[in-house]
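Position one of the sequence shown corresponds to residue 0 (numbering that gives the first Met the number 0), numbered consecutively onward. For each residue, glycine too, the CB sits at the ideal point set by N, CA and C. Please read all numbers here as calculations on a predicted model, not as lab measurements. Here is the structure we will look at.
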Amino acid sequence: MTTTGLGSLPGDDVREWMRAVLELVDLPFLPELAARPYGDMISRTVAVLTELAADLQPVGWRLTGGEDARASLDQRRARALLQEDLDVLEEYADGYQGPLKVQVTGPWTLAAAVERPRGDKVLADHGARRDLAQALADGVQQHVADVRKRVPGAEVVLQVDEPGLPAVLAGAVPTASGWSKHRSVDGPGAVELLSLFTTAAPTVVHCCAARPPIEVFTKSGATGVAVDTALLNTAAWDQIAIAAEAGTTIYAGVVPTTGALPSAQQAADPLVRRWRELGLDPELLKKVVITPACGLAAAPSPADARARLKLLRDIADVVGEASDE
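Here it is as structure tokens:
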């Protein structure tokens, strides 16, 4: 069985974390250290945008124009930080052979977070959100190509983070005034933009919600879905079962991001029990990737986050043994 983290980690020492992820998990990943200026998931993704300019306002990132617009100082700083992190990746992963994951905020979560030049979220404008998604998809293609060039032995896996998509689909994203909500997006529309991202590399879509839109993810071409198993309701588990039987890789978030650290058995049991209740093939359970419940940026310390990542392999062993019973 395979283990990995979901990107975000506490602290500000990217070199220490790069060493750690290469050691502690089977699928290493480019660390996201949100404690640093421009290190959060939205800033990291704005850095990947190569055709749109943006600047950082008190309320968050805002687009400032099209292809001819000049990147702001904030956007240039975000890009510089990403390049520094990629330099560290290239140094520490020298000679590495195997899968390597990079993370990016998905088009719907980004559209619900970033503002248009004249105000309100990009989500409010059908054309603007398509332009943003296309610019991001182009930037992601270049980003993945850069990682492959820096680490020639890497089999790059792309993680698309979509924590905001359930609210987008439900029409629950507030407008700038706060008095109303943005119009909901239907499933086919969500699939259309997400599918722009599933050709760059094998893609896992990550969403920590009680009912993540699994069907949207799989129809977009994602080869994997990452979920917080403790949050999933019955309907979501039914969708997980359908996806697993269709060959989608399930990234099961079983280690809480804060609080007391469970034993490997305690963390594994709910997953194994639910798998059996659904009547799923035990062989499919062996293909599940074991992860924390979500990103670990909120962990109280780097040492605590390391302990949670270290626990993943013990959990994988317990789940593997259970699948043989």
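Am I right that residue i and residue j are in contact with their C-beta atoms under 8 Å? What's the rounded C-beta distance?
i, j, result
"T290", "L5", "6 Å"
"G188", "V203", "Contact doesn't hold; Cβ gap of about 21 Å is too wide."
"V87", "Q158", "With a Cβ gap of about 19 Å, V87 and Q158 do not count as contacting."
"G335", "E154", "Past the boundaries of the shown model lies residue 335; the chain is included only from 0 to 324, so the question cannot be answered."
Where does residue i fall in DSSP's three states?
i, result
"W178", "coil"
"K120", "strand"
"P36", "coil"
"G186", "helix"
"T108", "helix"
"P255", "coil"
"T217", "helix"
"L72", "helix"
"A171", "coil"
"R115", "coil"
"G10", "coil"
"R78", "helix"
"T44", "helix"
"E324", "coil"
"L279", "coil"
"R210", "coil"
"L62", "strand"
"P299", "coil"
"P306", "In the sequence as displayed, the identity of residue 306 is Ala instead of Pro. Residue state, collapsed to three classes: helix."
"A166", "helix"
"D93", "coil"
"G319", "helix"
"L195", "helix"
"L88", "helix"
"L230", "coil"
Relative to the C-alpha of residue i, which candidate in the options has its C-alpha closest?
i, options, result
"V45", "L88, V20, P27, L81", "L81"
"V271", "G319, A297, G246", "G319"
"E90", "M17, A225, K100", "M17"
"R117", "T108, L109, A127", "A127"
"L260", "K285, L295, K286, F196", "L295"
"G138", "L32, D227, A199, D237", "A199"
"P211", "E161, L193, V190", "E161"
"D39", "L26, W60, L23, L51", "W60"
"E214", "I239, T233, F196", "I239"
"L279", "S176, I249, R307", "I249"
"A136", "V317, L51, V288", "L51"
"V24", "S219, L99, A123, L131", "L99"
In the DSSP assignment, what residue or residues form a beta bridge with residue i?
i, result
"T2", "I289"
"Y330", "The chain is shown only over 0 to 324; residue 330 falls outside these bounds and no answer can be derived."
"V103", "V159"
"P98", "E154"
"F28", "K100"
With residue i as the anchor, note down where its beta strand (DSSP E) starts and where it stops.
i, result
"T202", "202-205"
"D54", "52-56"
Any heavy atom of the ligand GTP closer than 6 Å to the beta-carbon of residue i?
i, result
"D145", "Although the ligand GTP was asked about, the structure shown includes no ligands whatsoever."
Following the continuous alpha helix (DSSP H) through residue i, name the residue where it begins and the one where it ends.
i, result
"G138", "125-149"
"L270", "263-276"
"A243", "233-244"
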